[in-house]
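The block underneath contains the structure these notes are about, expressed in structure tokens.
2 protein chains.
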Amino acid sequence: MLKIACAQINTTVGDLEGNSQKILAAVSAAAKLKVDAVVFPELAVCGYPPEDLLLKPHFIQSNLKALDALAKKVHGLSTIVGFVDSDGSGKIYNAAAHIAKGKVQDIYHKQELPNYGVFDEKRYFTPGRSDGLFQISGVKVGVNICEDIWVDGAVYSRQAKAGAKVLINISSSPYEEGKLQRRQELLMRRAKECKTTLLYVNAVGGQDELVFDGGSMAILPDGKILGRAKQFAEDLLVVDLSKPAGKIPEAMDATEEVYQALVLGVRDYVNKNGFSKVALGLSGGIDSSLLAVIAVDALGKDNVVGISMPSQFNSKATRADAAAVAKNLNIEFLEIPIKRIYAHYLAALEPWFATTAPNSAEENLQARLRGDILMAFSNKFGWLVLTTGNKSEMAVGYCTLYGDMSGGFAPLKDIFKTKVYELARWRNSQTRTPPVPKSVLLRSPSAELRPDQTDEENLGPYEDLDQVLSQYIEGHRAPSAIAGPKLSLKYVQKTVQLVDRNEYKRRQAPPGIKITPRAFGKDWRLPLTNKYNE
Amino acid sequence: MLKIACAQINTTVGDLEGNSQKILAAVSAAAKLKVDAVVFPELAVCGYPPEDLLLKPHFIQSNLKALDALAKKVHGLSTIVGFVDSDGSGKIYNAAAHIAKGKVQDIYHKQELPNYGVFDEKRYFTPGRSDGLFQISGVKVGVNICEDIWVDGAVYSRQAKAGAKVLINISSSPYEEGKLQRRQELLMRRAKECKTTLLYVNAVGGQDELVFDGGSMAILPDGKILGRAKQFAEDLLVVDLSKPAGKIPEAMDATEEVYQALVLGVRDYVNKNGFSKVALGLSGGIDSSLLAVIAVDALGKDNVVGISMPSQFNSKATRADAAAVAKNLNIEFLEIPIKRIYAHYLAALEPWFATTAPNSAEENLQARLRGDILMAFSNKFGWLVLTTGNKSEMAVGYCTLYGDMSGGFAPLKDIFKTKVYELARWRNSQTRTPPVPKSVLLRSPSAELRPDQTDEENLGPYEDLDQVLSQYIEGHRAPSAIAGPKLSLKYVQKTVQLVDRNEYKRRQAPPGIKITPRAFGKDWRLPLTNKYNE
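Below, the structure written as structure tokens:
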């Protein structure tokens, strides 16, 4: 029986040269391990998802040339690799090539094209018709791609019926909470259903709002796991399909999984976009404290700068906490008071604002001038600004557009406030010196844009708020279906209205990392102009 | 033969109540004109495009209830109206109902679902299978929806073969330059091909980045136009299909069409989102001057406020021109010098910036604090801020994120700079007093963020720039294919690189109005992290 290497690599969209080098390096490493075949993720040649690059005919050509160049260099073993195929007359396919003996031996075209959630594959690809049955070292193998294994009775089952001894699924499957578990259950079911060994090779790495979490695996016909690759890291998993299942490493627990997704997402967004250093506003609150820790875990302490920008409304305690976080992490820390700049804005506006009551105009100004200062450092020194807002804020618009929403990447954008606390506590438990000060964990959250303000007096307790938001956003449930003994209809309706009314802020928000089943990203496409209010 | 009213109405997405009232009003008006039938646009009940509202099961239910309520009130004549149908088990359809005698008589489900450009219909809808053949006053009629008429040999041709005497296509077809002409040619071809009379009923109005331009029409079997409704306005076009073609109003010329699309897009975005008044920064440059004129044409002079925010880098001439535009339009005009606020920012940053050379940090600060001031007025008085940037700037990133890019709506976002001039000249020719001062049309454009700066010394002549941009963005052409005797490869590559590198700015830009075949909106989905550079 076959010995196969699953090359769980971290590609970059559009980096045909870099991805090819990674593929060749893994082919070499696999060859040394005397395997029959090495398998790469979906669209490994061009990176996933290439989105509208796929509409450029020259991009398709460049990717075909890259595949050809690869093929010429692969001799000793069979290589399965994802690329974009073309019929030459405008139709393109999400494809897998079987390369051996210096050329492309077989090609399979993905049949099931996801066009929901974050996926737009029907925008680009034509569904395939070939059977995906290849011979590797004399063994009949069925190759299929990502969604092909999720749809009941799809090509995988025809491949099994046609006598495939091994099914190989190449994927670029984005992470969301609990996804590894769901994939594992599906694959076990498929292996038993088809009575074949199943190889699942997933991508790893961050690409804009998506994180691919790896966790490639091999499942025996009895549903046992023969091997599983690392989560959130590159890996070369070698499985000898003639061996019985042994002990495999335990999967990360739910909280660690989310934390590692954030770390990888930040690292890859920053580095793949050519940045090395980031800055963020450190307020002494829980969001910016957690984010600073994640940034240091992702990029190292020398690449993170914390900037505190206190006003007259910031308490001594939060100012001290901002400094404490920076000290705990040993990162560069700047303090720039904003009181005087703020006063000059108010003076300039005085002729028109004098007779008005203070409102969000004055509050947002503070947030905006802080955003200006962060962006000035970004422009001056080439640092990427990380935005600190969480999903609860982003949902109800408890954040200032062009203010605290300013920045290139918003790692916590899909993390509810209650989850922010959970992650901070978990991270504190992982090192002898907890990086997030206890006082930060205990203090009532406040935007500190006016005296004695707290979030929860405006929004209700975060536990209630997050429950409503999760049901409304992730579940698309009606307010009347969300309301219940603990959540009054009035409260639910007020909250839901905030979500609807603040769509315009989210439309201009930086991208963040998808963690939940429905993030405010490509899987959230609500109209701005919208009078439906349920 | 039949007498039919084409009810070209302006619906609002999600406004089931408001849309139903509009429909009923048009039914009443049509009934008085003794027509056999009245026809409404695609998805008229819920508005188009509802986007992810379609993922909410309760939204589908609300729309079905609205259709039922409508049906009960329609008696005297046949009514064809677009709505979302459901099979009750999760599948939904883009549908047309034939209502008569107080109930729904027939239903047709759209078969060809567009999933390219700005369209995501395969994300939501299942393609239909019914024949769309209805009886109206004893005449066999074939009803189909939008894309159904664009695809060669689709359902329309089967309807004609099955003996339909009239084909009715209900559409919500978004405007882009020259679209009316293309629709007209298609419809003439179809009418001749099918040897039937063809009724095309389009929506009108702005919905976020889309403008539906109306121009509903009736075409006789010989390809002649029997009647055409207004462009960019609601209309009730009544056609007596037994009459020969007479004289029809001439269509707008290319420039007027674009101008009217901008006016309608601004009016509807502002009003449908509950605003009445807008503010914009008036710099004395061509973009803000043209936009002020458009805003006044859309909303009236009392609903537009021009704000000039001069710095030490603004010339007397541009300051005077800003005031002149406001005076020509008779709008409220505020002048708020930014020199002192800017100086205080620089003072606060001095400890870190003192030893650095001035760069984009200082330039962008000026743009950002202007954005802050505009947003302060927005927050204080509830005015929507219009963003003045054009497509050329947005393409190459010659604009400041959270600065001049701040605002709720960017009407000129899809208008190249050369087109901005064309529109200003055209509009100046339309009234005895030209609203845009001649000096604005003649001066070299400059961002005025440092002394003696001009756009074209940075970007090349706008005529060249816009040519490169149009080919790269709208044509998805490779730099090597764009370069030629007039456009050096080096210049093209430099320009294209700017486009690629500034994707992050566009991701956080306000929505604008789609005018070209490919706008920076739903039809532009490029990855941020992207190493492909051709």
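Residue numbers (the numbering used here), protein chains in the order written: chain A, 1 to 534; chain B, 1 to 534. Glycine included, every Cβ here is placed at the ideal spot set by N, Cα and C.
- Scanning chain B for C-beta atoms nearer than 7 Å to the C-beta of Met375(A) yields Asn364, Arg368 and Tyr402, reported in chain order.
- Comparing alpha-carbon positions, the option among Lys195(B), Ile136(B) and Cys146(B) lying closest to Gly214(B) turns out to be Cys146(B).
- From the listed residues His75(A), Val211(A) and Gly117(A), the smallest Cα separation to Gln105(A) is found for His75(A).
- Excluding its 5 nearest sequence neighbours in each direction, Gly47(B) has C-beta neighbours in its own chain below 8 Å: Thr11, Thr12, Val13, Gly14, Asp15, Asn19 and Gln207, listed in chain order.
- When DSSP states are grouped into helix, strand and coil, Met252(B) belongs to the coil group.
- Residue contact check for Val305(B) against chain A: no CB pair falls below 7 Å.
- Nearest C-alpha to Asp302(B) among Asn364(B), Lys438(B), Ala292(B) and Ala164(B): Ala292(B).
- In the structure shown, Lys230(A) falls within a coil segment according to DSSP collapsed to helix, strand and coil.
- Residue pairing of Cys6(B) in beta bridges, as defined by DSSP: Val39(B) and Leu237(B).
- Using a CB distance below 7 Å, the part of the stretch 473-491 of chain A facing chain B consists of His476 and Ala478, ordered along the chain.
- The secondary-structure analysis by DSSP pairs Pro174(B) across a beta bridge with Phe212(B).
- DSSP, read as helix, strand or coil, puts Gly382(B) in coil.
- If you check the CB distance, Asp287(A) and Val420(A) come in under 7 Å.
- In the structure shown, the three-state DSSP call for Lys103(A) is strand.
- Just so you know, the alpha carbons of Thr388(A) and Ile4(B) end up roughly 58 Å apart.
- Within chain A, the residues whose beta carbon sits less than 8 Å from that of Val13(B) are Pro527, Thr529, Asn530, Lys531 and Tyr532, listed in sequence order.
- Put simply, of Tyr462(A), Asp52(A) and Ala191(A) the residue whose alpha carbon is nearest the alpha carbon of Arg123(A) is Asp52(A).
- Chain B has no Cβ within less than 7 Å of the Cβ of Glu393(A).
- By the 16-neighbour rule on beta-carbons within 10 angstroms, Val151(B) is exposed.
- Taking a cut-off of 8 Å on C-beta distances, the stretch 253-264 of chain A does not touch the stretch 35-49 of chain A, as fewer than three cross pairs fall below it.
- For Glu362(B), the number of other beta carbons within 10 angstroms of its own is at least 16, and it is reported as buried.
- According to the DSSP assignment, Ile307(B) belongs to the beta strand (DSSP E) that extends over Val304 to Ser308.
- In terms of CA proximity to Ser480(B), Glu534(B) leads the group Glu534(B), Lys522(B) and Arg518(B).
- Taken in chain order, the complete alpha helix (DSSP H) segments of 4 residues or longer contained in the stretch 52-90 of chain B are 57-73.
- Around the CB of Ser216(A), 16 or more other CB atoms lie within 10 Å, so the residue is classed as buried.
- Here Asp414(B) really is in contact with Ala519(B); their C-beta atoms are around 4 Å apart, less than 8 Å.
- Cβ proximity to chain A below 9 Å picks out Cys46, Gly47, Pro49, Pro50, Glu51, Asp52, Leu53 and Leu55 from the stretch 30-55 of chain B.
- Taking 7 Å as the CB threshold, Ile341(A) lines the interface with chain B.
- In this structure, Ser86(A) lies near Ile92(A), with their beta-carbon atoms less than 7 Å apart.
- Between Pro435(B) and Val325(B), the beta carbon gap of about 7 Å places them in contact (Cβ cut-off 8 Å).
- Residue pairing for Ala410(B): DSSP places it in a beta bridge opposite Gly512(B).
- A direct Cα-to-Cα measurement between Ile23(B) and Asn202(B) gives close to 14 Å.
- Among the bridge pairs identified by DSSP, Lys140(A) is matched with Gln135(A).
- Looking at Phe125(A), Glu112(A) and Arg525(A), the one whose alpha-carbon comes closest to that of Leu55(A) is Phe125(A).
- Counting C-beta atoms within 10 angstroms of its own C-beta, Pro451(A) has fewer than 16 neighbours from the protein chains shown and is therefore classed as exposed.
- In the three-state DSSP reduction, Thr418(B) falls in the helix class (H, G or I).
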